[in-house]
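This report concerns only the one structure given below.
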Amino acid sequence: MWEFFARSLDASTIFTIAALGELIGQRSGILNVGIEGAMLFGATIGFMVAKVTGNYLLGFLAGIAIGGVIGLLHGFFSITLGGDQVVNGMGIWILGFGLTAYIGYPYTGPLGMERIPDALGLSPFFFVGIALIAISWFVLSRTNLGLKIRSVGENPSVAEVSGINVAKTRYLSVVTSGMLMGLAGAIYALDYNPVWNYNFLMGWGFISLALVFFSMWNPTILLGGSILFGTLWQLSLNPQLLFPNLLSRYIWRTVPFAITIGVLVLMSTKWFSSRWGAAKPEALGQPYEKE
Amino acid sequence: MSTEIKRGDTVLAAKGITKRYPGLVANDHIDFEIKAGEIHAILGENGAGKTTLMKILFGLVQPDEGEIYVFGRKVNFKSPLDAIDLGIGMVHQNRKLISAHSVIENILLGHPSAGGILNLKRAAEEITALCERYGYKVDLQAKVWHLSEGEKQMVEILKALYRGAKILILDEPTSALAPPETEKLLASIQIMTGDELAIVPFITHKLPIVLTVSHRVTVLRRGKVISRINTADATEQSLAKEMVGREVIFRLERVEDVEKGKPILQVENLSAFNDKGFLDLKGVSFSVHEGEIFGIAGVSGNGQQVLAEALAGLRKAASGKILVDGIDITNSTSLQRWQNGVGYIPAEQRAVGSIGDFSLVENMLMNYYFEDGFSKWGIVDTRKIRNLTEELIAEYGVATPNADVRAKGLSGGNLQKLILARVLSRMPRLLIVNLPTQGLDVGATEFVQNKLLEAKKARAGVLLISEDLDEILSLSDRIAPIYEGGFMGMIPGKSAERETVGAMMAGLQQKATVI
Amino acid sequence: MKLGSYEVKLEKKVNFTGWQATVISILAILFALFLVGFIFLQAGVDPLLGYKEIFSYAFVNAFGLPLTINRAIFLLLCTFAFIVPMRAGLWNIGMAGQLYAGALGAFAVAFAFGAKGALTSDLSAGLVIPAMIAGAAVSGMMVGAIPGLLKGRFNTNEIVVTMMINFIAFWLVSHMIKEGGPFMGSGGEGEGFKLPESIQPPLYQGIPFTIWIALGLSVLLYFVFAKTKIGYQIRAFGLNPSAARYAGISPFKISLLVFIIGGIIAGLAGYHYFATVPGVYKITKNYGDFGDLAFYGIICGLISQGNPLTAIPLALLFGGLTNGGRFVQGKLQLGFGIDYALLGVLMIILVAFQFFFRYRIVWKKMEKEK
Chain A
1 MWEFFARSLD ASTIFTIAAL GELIGQRSGI LNVGIEGAML FGATIGFMVA
51 KVTGNYLLGF LAGIAIGGVI GLLHGFFSIT LGGDQVVNGM GIWILGFGLT
101 AYIGYPYTGP LGMERIPDAL GLSPFFFVGI ALIAISWFVL SRTNLGLKIR
151 SVGENPSVAE VSGINVAKTR YLSVVTSGML MGLAGAIYAL DYNPVWNYNF
201 LMGWGFISLA LVFFSMWNPT ILLGGSILFG TLWQLSLNPQ LLFPNLLSRY
251 IWRTVPFAIT IGVLVLMSTK WFSSRWGAAK PEALGQPYEK E
Chain B
1001 MSTEIKRGDT VLAAKGITKR YPGLVANDHI DFEIKAGEIH AILGENGAGK
1051 TTLMKILFGL VQPDEGEIYV FGRKVNFKSP LDAIDLGIGM VHQNRKLISA
1101 HSVIENILLG HPSAGGILNL KRAAEEITAL CERYGYKVDL QAKVWHLSEG
1151 EKQMVEILKA LYRGAKILIL DEPTSALAPP ETEKLLASIQ IMTGDELAIV
1201 PFITHKLPIV LTVSHRVTVL RRGKVISRIN TADATEQSLA KEMVGREVIF
1251 RLERVEDVEK GKPILQVENL SAFNDKGFLD LKGVSFSVHE GEIFGIAGVS
1301 GNGQQVLAEA LAGLRKAASG KILVDGIDIT NSTSLQRWQN GVGYIPAEQR
1351 AVGSIGDFSL VENMLMNYYF EDGFSKWGIV DTRKIRNLTE ELIAEYGVAT
1401 PNADVRAKGL SGGNLQKLIL ARVLSRMPRL LIVNLPTQGL DVGATEFVQN
1451 KLLEAKKARA GVLLISEDLD EILSLSDRIA PIYEGGFMGM IPGKSAERET
1501 VGAMMAGLQQ KATVI
Chain C
2001 MKLGSYEVKL EKKVNFTGWQ ATVISILAIL FALFLVGFIF LQAGVDPLLG
2051 YKEIFSYAFV NAFGLPLTIN RAIFLLLCTF AFIVPMRAGL WNIGMAGQLY
2101 AGALGAFAVA FAFGAKGALT SDLSAGLVIP AMIAGAAVSG MMVGAIPGLL
2151 KGRFNTNEIV VTMMINFIAF WLVSHMIKEG GPFMGSGGEG EGFKLPESIQ
2201 PPLYQGIPFT IWIALGLSVL LYFVFAKTKI GYQIRAFGLN PSAARYAGIS
2251 PFKISLLVFI IGGIIAGLAG YHYFATVPGV YKITKNYGDF GDLAFYGIIC
2301 GLISQGNPLT AIPLALLFGG LTNGGRFVQG KLQLGFGIDY ALLGVLMIIL
2351 VAFQFFFRYR IVWKKMEKEK
């Protein structure tokens, strides 16, 4: 049973870090629905680099770097070119999905390196995730930089006349955001399940996206949500732990997705939004043009 | 600034400022200067070039020609930050505050010495000191969306002062304020001039305010400086003449009571929530009769928007009843209301009243697609709607090359004419109009107001919601000032006094008269 | 920005003409093909040769052309499933889930008629085929209705919901055709049962009748958007939802309607590929590939700007490119997934080219500095 919870927390780490990336981007007003694409890039490039060099550190750095590049690309489309962020995010996702399917294909199969050692029976990244959550919370709520990020996400024209460089702040957030997504992907491919297969994320990114809405843009709630979904995901892979011989294993795989829909619906109800809905960054998804 | 500023020193001078936009010279060699301790008003109609000049002085827009001197030194603003650093502060007409943040966060945003980790305690002490000096009272921890318009403006002024502004530009400072709040503002401005601050208010039409507070006035018309006067030498009439270029009739001809008929709209104890889930409208009851204009006067944000939307079927009533011609329509859809003779002209012309990417013909169809005569077997009768559009464009004088251009290309006045044409051509029994002349120039305003009077003569019931006291006073048969979601009373339009209505709008006088 | 003695400026475009849009779209596609050319180069293949092989197989070869057309029909239907909600401003990226549902619905009908295992059964084609089409349409509709209903009633983000349903439907298909699922074929290889010959629809030159459904729908949808009351309401809602609501258009009805229509059409795409294409006639083991292929519908929809007639040549082009791409992979020994690479590159280039729809670049010769 401990093994099950340990694996659940490992899974939740990936949700946590990916969704935290999205959360930081969204607090600055940039919506990236292509989170799964950025994760696929981080996972695939990280996997390839680690496999070729035999070095985990290089693999993770490569994953983070490509995530940052993807974030930069999304930033370029959304900030500099000012395009529709949903379309841009879709572009990021389909690019990640299509291109990694091609470039990763020769690396199909297990990584074949010694597993990353556990810390206290958990993946060390679990603690990295907790630390990142704490840092993000502090930066967003207590520092000048955090105030700037939140301000460009709420109302960029106000930030502009207050002397904030909106584009710079948003770029900073969206690149950080991409790096975290890339890291999350790399953790998946190098630590959680080190076997490459095309489009192997199968929805992790989209669930992370839903988690951000669920978190009401608050890193600590996000952590709770991630742990919930990590456990759920792990349970859907091993239903026999709780319900032996009930339904086929395929049916169990649908459960996290169905619950995500349920949670999203709950959050969109009037009952919910009139109580906690005000947390949404007001300028989320809207391109900002200087006058 | 290193050197001490003395009263009467020129702190800001602009010479030959010129800014061209395609097809228009917004600012044409404008000269302007302001001295320490002076209030120098800039007066002009919409489109006179005030906004452009103000943006140039604040570094939001770069001029094509001309020079700006601040404290005697030539400057070249690349962004507002340059202007702020030199001690120029600006209070915008559309509040430039982040409503989800607290007051103190707003004041600190962008402040150079805010530090890496915010030192909220020290900032709070310094801001409180400023508040005391100028007689402001505001809770620094409150979220901005909780504040009234007047308080928000106060926060903006504080923000500019806290950043060390010596020159304060105020854009339409009194437009959204209730009369008592205006007085408070003017009092604090007087204290500031005593501190050698220079103040530049930009004002469109509140001439009495110009006369009471300013020392000098610069009047702009079509991008040029028309005159520069010492306020002591000016009168309301002379200023208006300078501004518009012709004599202005200040009051519309009142159309006296068209014979008042039976009630069309009856509202009983109506309440409704706003989008944030707060009860914005708290149990109002009234009726609107045939051939009557019922005016609701109020500073925006006091529930009139929610009321208009609830009547138009765009917002659910939390409680109460709405009857049109005696039939309960509280739960009918907006489509059913259109079909039953309700017409609604929203305040947001572009966001709600029209579809920018649709042609004028398609925009006309918005209120006709559901009519039997305009489609057959579900297919739209294109010729019929085109003919109607062209007729109405001619009748209402909408300036457009043809009916196929997209609506987003129309100016505000022309778009409002189009929307008016669309709704009035349906001959509604009940017409709901929300801020019909907001942002329109004098000519378009006059046109719109006359059309409302025509609707009244055609025995429609008109519910007019407006912030403009003059508009309300000159058009309405009965006036209900609204404050915090409730009516402060009802006054016959004929005998209504400006001061009374103004005070009631501010929530000062309870239930003056009931009719 | 200054370049030599020229000043380069971006100007906002208010309107652009139809042919400008066409030129921009064609340039975007060519540019994407150019970039994918580097993949050929990297694999040691002359890109021009690669494309020649792709196009000649896809559009000239007697084996390749019918495959291309069958893919194009599939893509066209997926494109419509995307376009209809798109005109209402909504994102249906759930074509994959809806088409899986359509396939399951069609095969459920066949199953109910006892088609499983009865290779020589003499089922009445005139009865079963229409029933299968109806089955596909109804199940596609039901799956499509979910995001529409949630969007209309609660304003739930339709992108996440449709994507979640894609995964749910994906696993449901596995449940039905694998590991002893009710629709599992006799081979035991984890694929669906095969339709008996009597209910395999007739072919003309290797093309089933579904081509008429696809072409008919493109004309019908074009007409609906251009001329009808309901099309007007959908467009109004797509361009400005608040104004549409003001005009009495119900957001709930429109959201539900467009997703129902989208779901039905995607369901038909599922029926088309798994029940009418020669040599298939079953839910294949690699059914997920067709879910992936459905994403080309997004690309066709975006390039065609929601015009169902323009979508026809686009579907044909991408049907050919993916079909030919699969072919040259084998012939020229390229890595797997060149069609996936093209999908990704096309999408991102399109996103980049959107920019040209909103701005134009103006070159102005500067006056000599004094």
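Chains as they are written, first to last, in the working numbering: chain A, 1 to 291; chain B, 1001 to 1515; chain C, 2001 to 2370.
Backbone N, C-alpha and C fix where the C-beta goes; we use that ideal spot for every residue, glycine too.
State yes or no: is the C-beta of residue i within less than 9 Å of the C-beta of residue j?
i                           : j                          : result
serine 136 of chain A       : leucine 209 of chain A     : no
glycine 2050 of chain C     : leucine 2342 of chain C    : no
asparagine 1274 of chain B  : isoleucine 1482 of chain B : no
phenylalanine 15 of chain A : glycine 230 of chain A     : yes
glycine 1164 of chain B     : glycine 1087 of chain B    : yes
alanine 1317 of chain B     : isoleucine 1465 of chain B : no
Residues of chain B with CB under 9 Å from residue i, in chain order?
i                       : result
leucine 164 of chain A  : In the sequence as presented, leucine is not what sits at residue 164 of chain A; that position holds isoleucine. Those are Leu1081, Leu1109, Gly1110, listed as they occur along chain B.
alanine 2247 of chain C : Ser1334, Leu1335, Trp1338, Ile1355, Leu1365, Met1366, Asn1367, Tyr1369, Phe1370
Under a CB-based cut-off of 9 Å, is residue i close to chain C?
i                         : result
arginine 1337 of chain B  : yes
glutamate 1362 of chain B : yes
leucine 237 of chain A    : no
isoleucine 14 of chain A  : no
glutamate 1038 of chain B : no
Which residues in chain A sit within 8 Å of residue i, going by Cβ to Cβ distance?
i                         : result
histidine 1146 of chain B : Those do not exist, as histidine 1146 of chain B stays about 11 Å from chain A at its closest Cβ, beyond 8 Å.
In chain A, what lies closer than 7 Å to residue i by C-beta?
i                             : result
glutamate 1105 of chain B     : Leu147
glutamate 2179 of chain C     : Ser248
phenylalanine 2355 of chain C : Leu81, Gly83
Taking C-beta pairs closer than 8 Å, name the residues in chain C that residue i reaches, listed in chain order.
i                             : result
leucine 88 of chain A         : Leucine is not the amino acid found at residue 88 of chain A; the sequence shown has asparagine there. Result: Val2351.
phenylalanine 1278 of chain B : What phenylalanine 1278 of chain B touches in chain C: nothing, since even the nearest Cβ is about 19 Å away.
proline 1346 of chain B       : Tyr2246
Flag residue i as yes if its beta-carbon sits less than 9 Å from any beta-carbon of chain B, otherwise no.
i                        : result
tyrosine 2222 of chain C : no
proline 281 of chain A   : yes
serine 2250 of chain C   : yes
Listing by chain order, which chain C residues have their CB less than 7 Å from the CB of residue i?
i                         : result
isoleucine 261 of chain A : Val2161, Met2164
Starting from residue i, find everything on chain B with Cβ-Cβ shorter than 8 Å and list it in chain order.
i                       : result
valine 161 of chain A   : Phe1058, Leu1060, Pro1080, Met1090, His1092, Lys1096
alanine 2243 of chain C : Ala1351, Val1352, Gly1353, Ser1354, Ile1355, Met1366
Along chain D, in chain order, which residues have C-beta atoms closer than 8 Å to that of residue i?
i                       : result
leucine 1118 of chain B : The chain inventory of the structure shown lacks chain D, comprising the protein chains A, B and C.
So which residues of chain A does residue i contact, with C-beta pairs closer than 9 Å?
i                             : result
phenylalanine 2107 of chain C : Near phenylalanine 2107 of chain C there are no residues of chain A at all, since even the closest Cβ is about 16 Å away, more than 9 Å.
Under a CB-based cut-off of 9 Å, is residue i close to chain A?
i                          : result
asparagine 2092 of chain C : no
alanine 2341 of chain C    : yes
valine 2143 of chain C     : no
Run through chain C and tell me which residues come within less than 9 Å of residue i, C-beta to C-beta.
i                            : result
phenylalanine 257 of chain A : Met2163, Met2164, Ile2165, Asn2166, Phe2167, Ile2168, Trp2171
List, from N- to C-terminal side, the alpha helix (DSSP H) runs of 4 residues or more that fit wholly inside the stretch 1306-1339 of chain B.
1334-1339
| Name the residues in the stretch 1371-1382 of chain B whose C-beta lies less than 8 Å from a C-beta of chain C; which are they? | Ser1375, Gly1378, Ile1379, Val1380, Thr1382
Original post:
For the stretch 136-159 of chain A, which residues have a CB atom closer than 8 Å to at least one CB atom of chain B, in sequence order?
Top reply: Arg142, Thr143, Asn144, Leu145, Leu147, Lys148, Arg150, Ser151, Glu154, Asn155, Ser157, Val158, Ala159
* Every unbroken alpha helix (DSSP H) inside the stretch 154-179 of chain A [4 residues or more] -> 156-161
query: What alpha helix (DSSP H) runs, 4 residues minimum, are completely inside the stretch 172-256 of chain A?
result: 204-214, 219-237, 249-253
Suppose only complete runs of 4+ residues qualify. What are the alpha helix (DSSP H) ranges in the stretch 1421-1501 of chain B, listed by chain order? 1442-1457, 1469-1475
* Asked: At what residue ranges does the stretch 35-73 of chain A contain a whole run of the beta strand (DSSP E), taking only runs of 3 or more?
  -> none
Checklist entry - If contact means a Cβ-Cβ distance below 9 Å, which residues of the stretch 2227-2241 of chain C contact chain B? => result Lys2227, Thr2228, Lys2229, Ile2230, Gly2231, Tyr2232, Gln2233, Arg2235, Ala2236, Leu2239, Asn2240
| task | Note down, in chain order, all residues in the stretch 1381-1411 of chain B with a beta-carbon under 8 Å from any beta-carbon belonging to chain C. | result | Thr1382, Arg1406, Lys1408, Gly1409
What residues in the stretch 1149-1171 of chain B bring their beta carbon closer than 9 Å to a beta carbon of chain A?
Lys1159, Arg1163
If contact means a Cβ-Cβ distance below 9 Å, which residues of the stretch 2027-2058 of chain C contact chain A?
Ile2039
task: Counting only runs of 4+ residues fully inside the stretch 2148-2209 of chain C, write out the alpha helix (DSSP H) ranges in chain order.
output: 2158-2177
Report the start-end ranges of each alpha helix (DSSP H) in the stretch 1114-1173 of chain B that is 4 residues or longer and not cut off at the edges. 1120-1134, 1149-1162
**Prompt:** Any residues in the stretch 1297-1316 of chain B with a beta carbon nearer than 7 Å to a beta carbon of chain C? Which ones, in chain order?
**Reply:** Leu1314
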